[in-house]
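Novice:
Chains as they are written, first to last, in our numbering: chain D, 116 to 548; chain F, 2 to 269; chain H, 22 to 580.
1. Given a cut-off of 9 Å on the beta-carbon distance, is the pair residue 178 of chain F and residue 251 of chain F in contact?
2. Since residue 117 of chain H meets chain D, which of its residues come closer than 8 Å, beta carbon to beta carbon?
3. Just to confirm, are residue 131 of chain H and residue 51 of chain H a CB contact at a threshold of 9 Å?
4. Within 9 Å of any Cβ in chain F, is that where the Cβ of residue 90 of chain H sits?
5. Within 8 Å, do at least three Cβ pairs link the region 470-487 of chain H to the region 57-68 of chain H?
6. Looking at C-alpha atoms only, which residue of D:245, D:458, D:447 and D:483 is the closest neighbour of residue 468 of chain D?
7. Excluding the 5 residues flanking residue 229 of chain H on each side, which residues of the same chain have their C-beta closer than 8 Å to its C-beta?
8. For residue 71 of chain F, which option in F:149, F:186, F:93 and F:102 has the closest C-alpha, if you only look at C-alpha atoms?
9. Take residue 97 of chain F and list the residues in its own chain whose beta-carbon comes closer than 8 Å to its own, dropping the five residues that flank it on each side.
10. Are the C-beta of residue 445 of chain D and some C-beta of chain F separated by less than 9 Å?
11. Which residues bound the alpha helix (DSSP H) around residue 554 of chain H?
12. Could you pull out every unbroken alpha helix (DSSP H) segment of at least 4 residues lying fully inside the region 75-152 of chain H, listed in chain order?
13. Closer than 8 Å, Cβ to any Cβ of chain F: which residues of the region 423-434 of chain D, in chain order?
14. For the region 137-170 of chain H, list every residue whose C-beta sits within 7 Å of some C-beta in chain D, in sequence order.
15. Any idea if residue 492 of chain D is buried or exposed, counting beta-carbon neighbours within 10 angstroms, 16 or more meaning buried?
16. Using C-beta distances below 8 Å, list every residue in its chain close to residue 35 of chain F, excluding the 5 sequence neighbours before and after it, in chain order.
17. Please list, in chain order, all residues of the same chain as residue 233 of chain F whose beta carbon is under 8 Å from its beta carbon, the five residues on each side excluded.
18. Of the residues H:55, H:548 and H:202, which one's Cα is nearest the Cα of residue 333 of chain H?
19. Can you list the residues of chain D that residue 553 of chain H reaches, using a CB-CB cut of under 7 Å?
20. Could you tell me which whole beta strand (DSSP E) segments of length 3 or greater appear in the region 483-544 of chain D?
21. DSSP three-state label for residue 250 of chain H, please.
22. Is residue 237 of chain D close to chain H, meaning its C-beta is less than 9 Å from at least one C-beta of that chain?
23. Between residue 288 of chain H and residue 282 of chain H, how many whole angstroms is the CB-CB distance? I'm expecting something under 8 Å.
24. Residue 104 of chain H: buried (16+ other C-beta within 10 angstroms of its C-beta) or exposed?
25. Quick test of your reading: residue 40 of chain H and residue 28 of chain H, contact by CB under 8 Å. State the CB separation rounded to the nearest angstrom.
26. When the Cα of residue 136 of chain D is compared with those of D:144, D:143, D:152 and D:129, which residue comes out closest?
27. Would you kindly report the start and end of the unbroken alpha helix (DSSP H) that includes residue 271 of chain D?
28. In chain order, what are the residue ranges of uninterrupted alpha helix (DSSP H) at least 4 long that sit wholly in the region 373-406 of chain D?
29. If the cut-off is 8 Å on Cβ atoms, which residues from the region 245-275 of chain D count as contacting chain F, listed in chain order?
30. With distances taken between CB atoms, is the gap from residue 237 of chain F to residue 429 of chain D smaller than 9 Å?
31. With distance defined between alpha-carbon atoms, name the residue in H:101, H:58 and H:35 nearest to residue 432 of chain D.
32. Contact between the region 347-354 of chain H and the region 298-315 of chain H is defined here as three or more beta-carbon pairs at a separation below 8 Å; is this criterion met?
33. Which residue or residues does DSSP assign as beta-bridge partners of residue 54 of chain F?
34. Return the CA-CA distance between residue 185 of chain F and residue 87 of chain F, expressed in angstroms with no decimal places.
35. Residue 42 of chain F versus chain B: which residues are under 7 Å apart at the beta carbon?
36. Hey, how far is the Cα of residue 324 of chain H from the Cα of residue 113 of chain H?
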């Protein structure tokens, strides 16, 4: 029996990318996981469950198992023949795979987009308009005496965020919880809100108003209202005071800002607020990115194309304009005649109109588990899980980079996302000459 | 020469229609025009494979017939002549146009008249998001020219407007006039949240119902009848100055009649 | 074989001799029986490939710049070809395009100016996607908390061991110092304003950091000196800080370089406000002229729109406050910061016109071209595509005068000596400041020259030195340097008539100074200090050599 204890394992699940996990492997199987949150532990221990084990292609409406080579041939046929292929997903795979994806999209003259489009796209749009004051998470742990969570619930979505990086972390200057102040702003009292020193309940879809009011208060401007977004004006002014008097503050925000009514305008205003605060004290703003490598995908796309998501290559060079080039926009306009999905499930997560459009085109999916998207595909290619069965690079929510580890060998028929995509690219090149 | 351009090809991909502009096509030999390259998705076609072109009449006019909702950049940068779209137009119609006239009988898509520098656009139906807006990351929205929409439009109409006039008879979505520094926006119907958010100059008037409240960073002056598009409006409007969070002195007007929930302002 | 060209190889004292260059494999050789290919360079200039000692081309900060400027990419797109990738960008081109642009200008080696250790894996990923050039990066250490503590506690042995460990961990080429001490203060929104200010938290001064790191640099035997962006960058009156910084090294000077001051233009301002700004280039040049152990690069401005990006967080914040433009800040725990602000430099603007004058003045007043290098601090003072313009300015007084006419701010002409300087750089000197001297300063012994054994990195420019009046034909000079006639990289012909004809990938050079004893000592320091300061495990901080696509290790002390 062979037994290895892997230390310092980076976790391939959420944007926290905790890298202190200890994983014990016996006879090529994960037996024990330490220091992780319960979501991570469950994912590590259950990684073999419910897997796609063989490539499949559709024949006369049903799935037939086939070799990887034949599945890739079929996929390459579909892509090479298409006039406008869409490539979507990417956030749950490594940079190395994403790079091949971009090359493939460029080669095919199609469009490539990632999950940012349904998640923190608005944040990136706001940064494009304004810039933003940011910091790495270690800075927060070291220096932040004020931590604000707005429109997010890390206790559920990023379980170790508070203990590794913010109010429960043992920082250089602030060793105890009571040394720091935590403020939560949300539409309902979440578990995170219950841990806060100050919880501000805001009316749904009115974040922009509260942000404007806070900006006014930080600038010592008068407002002639009693309340804003359901928050009494005195409380608004109190929060502004807390922010201005912090020695180092940070604002973390999530889908509560990016996916409610005002979307990118919310983030716009949040960035402007933090920018205004920097005239009086030190303040940073960090988006709570969900997938463990969505940040990496934005980075790779940016350095290769100039744009973080929603890129169209029809003219042979990158074009970018969310509202026109994002995969949801394209699908809503009835554009796209083939789709490659890598490590994502758009059939579950996209708006109905877009899903209807996806159903009309041949779909190729590369993933680790069956999903509604795989069930609707023409070609399904299973792959090894990055960070467990394959190496790869990933970026944490603050841009710090990790090399994900290979802890066990994948099942014999499976290759890494990068290898599958390289083979697919080669076959497409053969066909389009 | 008037050119009638009828789309004959059914597509499910973007069509790049920059050449469809009076500057480019009028005065060009018809057989030359038919042989122009046009990109659809990743393939290049000749114009005649996608459209049927025929000459009719002597005005400097292009008439577009059929569903051209996939065709982007029609009228881009045009300086003269006119375009008539009989059906539904695609994105970026009249992008950066400098002069001339565009009329759409049906609906228009997003980025209508983006970065406009002159000329006129009239839409009989509805328009999408970002009417007269700037591109991503840029501060340069409409600077000159007039966009008139008889129906409604989406969100961010007049984003980063620096001049010109946007007149919407119907409703607007969220954030009309956001980041305006100059220019005028009129909305005859209602609009969504936060008109004029972060504006520093210019005027925006909403005659109909404002869903939600006015931003706390706007200060109320009085009621008045503002002048928009050179015309004094006949109704009373609550008048605000802002966006003070940006140190702005733009003017926001909200119609009195349609907004009884703002009546409390009269007591201030 | 490159036949019959006029060769400018200053390192080997060849000054326009008509001769052949022989290449076998990836090296320059003495002679060849039968060349596989022949490039006819008759009537043309042949130089070693350009060696750019300071440009911001890869890494977290550069990419954040790209991310926040989609409007700077729009309209500047480069379509793919069957052997080149597509991309975008005017002031911050995407990685593939960056490589092609450098190559078109005849550059074959580029040093990324500043990489934060914690994010160096990102720098490597981008460098690996930058074709056509050999590359390396300088590692930011001047505000590193652990280094600062070790310097303060006076342990040179520990300081050197830990520095070697970091450089080895991130696979960096040399030590970069930006606003020493100032970025530690910036962690709380503050700055330092003189080299003797006490830095918060560590009770150390910028002077102590500078001298300490210079000594560590010597102890480790690094090929390049410390590379310094001085305190007070961008502030009127800062020439005095620059001179104080220089003087801080007087007790330690030797005949070989001890310190390199980068983009010196930004640090040579006299006057006491933007309204009274004057050039301090004369004073700075005087100090440079009298010290053999000092090198500088100019950071020359061009009148264009571009993007400023430096590790100097407080300076970038001040620039945002001044201009109201977009502003991105990115602090890196326990190490450094970064700031990005778009900017437009205008001829009619007094300050910009003076800034423009200063860079050229520095190059023209410093007598020894082996100690003043041509850069634009890409993209800070100008995008890389302006390199040929800068050379044309240096080589042509007429071109300088033309630029100083028309809309050029008239008051600016009285604020610098430039109008009265008529020195013109010779072609030989141009070769020195763009390749021979920079390679020497980096101790890249097989680069920047065309002697036997050199890397076969060669640029051929379509100008006839015997028939060209460089002073009058400055337009032709710009054109020739912008699109090389031929470029050979590592023995491959990669550019013909200014177009990339073959895509190649160069090597990433890094310096290993981690001896076994230093390693042992460093690991003890890491064990006790690292966890307090970082949110990442030390084993994940280390970048393994096989992570890089084409690494090339250089042993410190052996070059």
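No residue lacks a Cβ here, since even glycine has one placed at the ideal position from N, Cα and C.
Specialist: Quick answer:
1. For residue 178 of chain F and residue 251 of chain F, yes; Cβs fall inside 9 Å.
2. 419
3. Taking 9 Å as the Cβ cut-off, residue 131 of chain H and residue 51 of chain H do not qualify as a contacting pair.
4. yes
5. Taking one beta carbon from each stretch, the region 57-68 of chain H and the region 470-487 of chain H have 3 or more pairs nearer than 8 Å; the two touch.
6. D:447
7. 172 and 173
8. F:93
9. 77, 78, 115, 116, 117 and 118
10. yes
11. Element bounds for residue 554 of chain H: 537-554.
12. 81-88, 91-94, 116-125 and 141-149
13. 427, 428, 429 and 430
14. 139, 140, 142, 143, 146, 147 and 150
15. buried
16. 47, 48, 49 and 54
17. 226 and 227
18. H:202
19. 287
20. 494-497, 507-510 and 516-519
21. strand
22. no
23. 7 Å
24. exposed
25. 5 Å
26. D:152
27. 269-272
28. 379-392
29. none
30. no
31. H:101
32. Contact fails: fewer than three Cβ-Cβ distances are below 8 Å.
33. F:6
34. 28 Å
35. No chain B appears in this structure, whose protein chains are D, F and H.
36. About 16 Å.
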